[in-house]
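Participant: Numbering (the numbering used here), first residue to last: 95 to 499. For each residue, glycine too, the CB sits at the ideal point set by N, CA and C.
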Ligand SMILES: Cc1cc2nc3c(=O)[nH]c(=O)nc-3n(C[C@H](O)[C@H](O)[C@H](O)COP(=O)(O)O)c2cc1C
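1. Can you tell me whether residue 107 is helix, strand or coil according to DSSP?
2. Rounding to the nearest angstrom, what Cα-Cα distance links residue 155 and residue 479 in this structure?
3. Tell me residue 448's beta-bridge partners as DSSP assigns them.
4. Could you pull out every unbroken alpha helix (DSSP H) segment of at least 4 residues lying fully inside the segment 232-287, listed in chain order?
5. If we call anything under 8 angstroms between Cβ atoms a contact, is residue 409 one with residue 440?
6. Going by DSSP in three states, residue 372 sits in which element: helix, strand or coil?
7. Measure the alpha-carbon distance for residue 471 versus residue 367 and round it to whole angstroms.
8. Quick check on DSSP: helix, strand or coil for residue 306?
9. Straight-line CA distance for residue 245 to residue 469?
10. For residue 228, is the classification buried or exposed, using 16 other Cβ atoms within 10 angstroms of its Cβ as the cut-off for buried?
11. Pull up the distance between the alpha-carbon of residue 198 and that of residue 131, whole angstroms please.
12. Would residue 357 and residue 325 qualify as a contact pair, given that the criterion is a beta-carbon distance under 8 angstroms?
13. Grouping DSSP H, G and I as helix and E and B as strand, with all else coil, what is residue 399?
14. Quick one: residues in its chain with C-beta nearer than 6 angstroms to the C-beta of residue 320, no 5 flanking neighbours on either side, listed in chain order?
15. Assuming contact is defined by CB atoms lying nearer than 8 angstroms, are residue 172 and residue 207 in contact in what I supplied?
16. Bridge partners for residue 365 per DSSP, in chain order?
17. Would you mind stating whether residue 165 and residue 125 have Cβ atoms separated by less than 8 angstroms?
18. Going by DSSP, what residues sit across from residue 341 in a beta bridge?
19. Name the one or two DSSP bridge partners that residue 479 has.
Listed below in structure tokens is the structure:
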């Protein structure tokens with residue numbers, strides 16, 4: 095992404111603060127950011143904060159002689175590879191949809207010859223209003239790309255769609271627009287599992303594990319960027335849904351299994367989730383008391399029973415086996431040997447083995463060292479950021495299928 099340039103227009107919404115984080119994330123990727131701050135935007139974030147993060151002048155005024163002398167508004171709108179509006183307020187969307195040019199932001203948007211990405215952010219009622227729906231339709235018809243909004247709790251206390259997409263999601267959408275990928279997996283459906291599962295002990299306690307879900311989320315995003323129709327079945331994580339991926343959130347292994355089966359048929363299944371092997375058979379309906387049932391002391395005895403084996407179930411399905419089934423093996427010793435055994439036992443095509451012993455920092459960390467074990471060979475990759483492991487693996491999967499479907 096180094097050398098790419100984004101013109102970021104920050105509108106006047108509470109989510110303007112996320113615009114600051116977006117600048118940081120883009121610059122980390124080598125993308126230069128120039129910012130226009132609307133009059134209302136400057137009520138939420140200061141030009142000083144924006145300029146400190148972009149490392150550039152912040153443009154605010156259409157009629158500034160200095161700005162026009164330095165960089166005219168037409169040049170400003172064209173010097174970038176992509177124009178991003180985040181947050182795109184209801185007002186800004188309305189002005190864009192009507193072709194107004196009454197300030198620097200809308201004038202630049204009307205004058206640009208570059209693609210435009212908007213990240214709407216507003217109260218749920220504003221988002222659901224017929225006028226906003228009409229404006230959105232018009233903007234899409236005019237060629238604008240849209241990321242979000244998400245469902246969730248709003249700063250105003252209401253709940254529903256209208257929350258601006260998270261900076262990471264916007265970055266993914268920006269990357270996809272700046273470097274469009276060949277759609278090698280178009281026409282194929284990919285099912286990816288990610289994250290931990292939670293197995294309840296009682297209504298307030300559960301057994302879980304340290305999986306962050308980062309590798310699975312990155313993989314789902316990478317497959318979607320190659321054009322696969324991608325569904326991510328995720329256990330509880332803090333991560334935002336990757337762009338162009340449909341995410342189904344579950345909690346227990348049994349729910350994850352049911353969600354995966356409901357998504358079949360699929361061409362590709364990749365099981366990165368750290369699914370609990372066991373669940374508590376004698377799960378309590380009421381919170382267990384410290385002093386034991388009836389206060390007679392003693393720690394409770396938990397009886398564990400086996401959970402469904404999701405990977406083996408998919409790989410050994412007689413009628414609906416995906417053409418390519420990939421498992422992940424998190425091992426803490428004899429990594430390759432254990433992973434080889436796991437591939438045969440599960441009946442999957444490939445196993446991606448990684449050493450998750452605490453010293454590696456892989457569990458929850460941002461990089462991964464993996465070995466790809468197939469029936470024919472083993473390929474070991476150096477330590478790479480999880481995003482790069484995902485890109486490489488998605489490319490390998492595309493090569494496995496050859497021509498698009
Ligand atoms: C505290 C506060 C929060 C606001 N948050 C939003 C918002 O999230 N989304 C939105 O569309 N408008 C929001 N508004 C209204 C906009 O600031 C207003 O419509 C403004 O004219 C938008 O100007 P702009 O689109 O040029 O930035 C908010 C207003 C206030 C006072």
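Facilitator: On the basis of the supplied data:
1. Here DSSP, grouped into helix, strand and coil, assigns residue 107 to coil.
2. When only Cα atoms are considered, residue 155 and residue 479 end up about 41 angstroms apart.
3. Answer is 424 and 464, bridged to residue 448.
4. Qualifying alpha helix (DSSP H) stretches, in chain order: 261-272.
5. Yes. Within cutoff.
6. Reduced to three states, the DSSP call for residue 372 is strand.
7. About 24 angstroms.
8. DSSP places residue 306 in coil when its eight states are reduced to three.
9. Their backbone Cα atoms lie some 43 angstroms apart in a straight line.
10. Exposed is the call here.
11. In this structure, the straight-line span from the alpha carbon of residue 198 to that of residue 131 is close to 9 angstroms.
12. It is a contact, given that the beta carbons lie within the stated cut-off.
13. It is a strand residue.
14. The residues are 275, 278, 279, 488 and 492.
15. Yes, these two residues count as a Cβ contact at 8 angstroms.
16. BP columns for residue 365 point to 287 and 421.
17. No, these two residues do not count as a Cβ contact at 8 angstroms.
18. Answer is 326.
19. Paired residues: 461.
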